[in-house]
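Student: Sharing a structure below in structure tokens format, with a few things to ask.
Protein chains in written order, with this note's numbering: chain D, 1 to 299; chain U, 1001 to 1274.
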């Protein structure tokens, strides 16, 4: 026996039910949220708190003002920016032709080419850095061959300096630039190019006035990802830089490993984080960040 | 050279005029692949130094690797950590992706961004933060600590891939199942999960790779018997170029390639089905 239900009462109950279910479903993300909170947000927040105290444990901006005053810290930030900028620039210069090349191939050939782009992607970063060390070192392959062929007499200094760092980093970053760029080139409607040809543009002109502007969103997405990843890079400059290229993240590691100095290391980390977020924020304003993240996960 | 005169695209440019592009493209592809792959033949050298091609072929450096207790322990630590990371990350990422997608509340977008912060925060900052927190919790040099940290690092990738899978799935199918009397859990397990399983598997494999390749966090929080293979390799690389690492690299290339081949094979059947 069911009592007659008033429609208004029923609607109220249904709404309550729906709200409860939504909250319940939302609760499914709680384990993930708690983990991120425990492992990332609380420790990083804690470090931020530590960075606000000087060596005597007094609240001060000492750790931050020191960064501006001390020449060595300024130099480290300059190096980090230089290396990131140069790596991004070289990636663009060789990544754009590569993406263009792949986008002009038939789907089947492009798939083979893409495997070549993805192979380094799934090979351990450390393995690739090691490979470059083997290839570039004093008695390495390049020097061995160059001397045997008589191209140069004394071994070139290709590694344990800026050259080696840049070669290694470009190699590791290139797929991050090529993949989003290739995606955006593939989505260009070729009727536009036909229209340009029909209106009398030669291939060079139709490339620069039609194709290139349409490929820019993918290019910017790639540049953002590469630049941000470079800012925090550690392994490759540490191994291939030979102590001559000191990036912020390497300084942080030294401060903890040798001096157990959490205050200064944290301050450096916070500045690095702020710089990273600033780059991401600017990129977000200039282009849709979803595209950047989507392409990162798609690989 | 007939092919050279043939048009390469609809806008009348010929393959001949594009030859420079093809040459540059192939050269850049070579730059991407050769340095990685060259380690494989070099690792089969019998001599004391790495050479290409090796003058005397042999498995000396593999004997060195497989005979060393330290390298073997480190390898097992890495493999175990990667497996545990997959087991922790996959269900948690799937739950979060599903919950955020279906609950459709306004905060979902914000929570999603929060959950992918591990991808945006510089790893070295995460590493010292985790190290600092673990020192208090005495979780340094433990498997639990390592897996927890790696799971959080792997979460964004898995979450993004699984969310993308859900977006391309027609949720009406689950509604149909529920209107026919299935509970939400049953509808998810029987109807939805089988259809998004390829994104879930891809997410799991990515989690494996993230953990297996991770260097920086492991550098701080693992050590002694709990040292990961990447940590030991990194420390060895800083000092000298031990040819043993060439053989370890080859083994690592094999492991990650195997993992990605599995992903490819499973991904193939996806396109066959639809």
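We treat Cβ as the ideally placed atom computed from N, Cα and C, and that holds for glycine.
Would you check if the segment 1103–1119 of chain U and the segment 35–50 of chain D touch, i.e. whether three or more CB-CB distances between them fall below 8 Å?
Tutor: These segments touch.
Student: Does the separation of the CB atoms of residue 1088 (chain U) and residue 1163 (chain U) fall below 8 Å?
Tutor: no
Student: I'd like to know whether the C-beta atoms of residue 1103 (chain U) and residue 25 (chain D) end up nearer to each other than 8 Å.
Tutor: yes
Student: Roughly how many angstroms lie between the CA atoms of residue 1276 (chain U) and residue 1244 (chain U), to the nearest whole one?
Tutor: Not covered by the structure: residue 1276 (chain U). The range shown for chain U is 1001 to 1274.
Student: Ignoring anything shorter than 4 residues, give me the alpha helix (DSSP H) runs that lie fully in the segment 1164–1252 of chain U, in order along the chain.
Tutor: Those alpha helix (DSSP H) runs which fall completely within the segment 1164–1252 of chain U and span 4+ residues are 1172–1179, 1184–1187, 1193–1213, 1216–1221, 1229–1239.
Student: Can you tell me the Cβ-Cβ gap for residue 1100 (chain U) and residue 1112 (chain U), rounded? I've got them flagged as a contact below 8 Å.
Tutor: 6 Å
Student: State the DSSP-derived secondary structure class of residue 1091 (chain U), mapped to helix, strand or coil.
Tutor: helix
Student: Using 8 Å for Cβ pairs, my map puts residue 90 (chain D) next to residue 166 (chain D). What's the rounded Cβ distance?
Tutor: 7 Å
Student: Between residue 1019 (chain U) and chain D, is the shortest Cβ-Cβ distance under 8 Å, so that the two count as touching?
Tutor: no
Student: Would you list the one or two residues that DSSP bridges to residue 59 (chain D)?
Tutor: D:53
Student: Name the chain D residues that come within less than 8 Å of residue 1006 (chain U), Cβ to Cβ?
Tutor: Going along chain D, no residue has its Cβ under 8 Å from residue 1006 (chain U), so there is no contact; the nearest lies around 13 Å.
Student: Between which residues of its own chain and residue 246 (chain D) is the CB-CB distance below 7 Å, once the five residues before and five after are set aside?
Tutor: 76, 79
Student: Taking the continuous alpha helix (DSSP H) assigned at residue 171 (chain D), which residues delimit it?
Tutor: 162–186
Student: Indicate whether at least one CB of chain U lies closer than 8 Å to the CB of residue 283 (chain D).
Tutor: Output row for residue 283 (chain D): interface = no.
Student: Please identify, using Cβ separations under 8 Å, the residues of the segment 232–247 of chain D that lie next to chain U, in order along the chain.
Tutor: 232, 234, 235, 238, 239
Student: Taking Cβ-Cβ distances shorter than 8 Å, what residues in chain U pair up with residue 131 (chain D)?
Tutor: The contacting residues are 1035, 1036, 1038, 1039, 1249.
Student: To the nearest angstrom, how far is it from the Cα of residue 1045 (chain U) to the Cα of residue 1237 (chain U)?
Tutor: Their backbone Cα atoms lie some 19 Å apart in a straight line.
Student: Using only the alpha-carbon positions, how far apart do residue 1274 (chain U) and residue 1242 (chain U) sit?
Tutor: Legend: pLDDT at residue 1274 (chain U) = 37, less than 50; position of this residue unreliable, no value from coordinates given.
Student: If I'm right that residue 1024 (chain U) touches residue 1250 (chain U) with Cβ under 8 Å, what's the distance once you round it to whole angstroms?
Tutor: The pair is not a contact, with the Cβ atoms about 30 Å apart (cut-off 8 Å).
Student: From residue 1080 (chain U) to residue 1204 (chain U), what distance separates their C-alpha atoms?
Tutor: Going by C-alpha positions, residue 1080 (chain U) is about 14 Å away from residue 1204 (chain U).
Student: At a cut of 8 Å, does the segment 1136–1153 of chain U reach the segment 1221–1232 of chain U through at least three beta carbon pairs?
Tutor: yes
Student: Looking at chain U, which residues of the segment 23–41 of chain D have a Cβ within less than 9 Å of any of its Cβ atoms?
Tutor: 23, 24, 25, 26, 27, 28, 29, 30, 31, 32, 33, 35, 36, 37, 38, 39, 40, 41
Student: DSSP three-state label for residue 1041 (chain U), please.
Tutor: helix
Student: So with CB distances below 9 Å, who are the chain D contacts of residue 1185 (chain U)?
Tutor: Within 9 Å Cβ-Cβ: nothing; residue 1185 (chain U) doesn't reach chain D, min ~11 Å.
Student: Would the beta-carbon of residue 942 (chain U) fall within 8 Å of that of residue 12 (chain D)?
Tutor: Residue 942 (chain U) is absent from the model: chain U starts at 1001 and stops at 1274.
Student: Closer than 8 Å is the cut-off here; do at least three beta carbon pairs connect the segment 139–153 of chain D with the segment 164–183 of chain D?
Tutor: no
Student: Does the distance from the CB of residue 159 (chain D) to the CB of residue 133 (chain D) come in under 8 Å?
Tutor: yes
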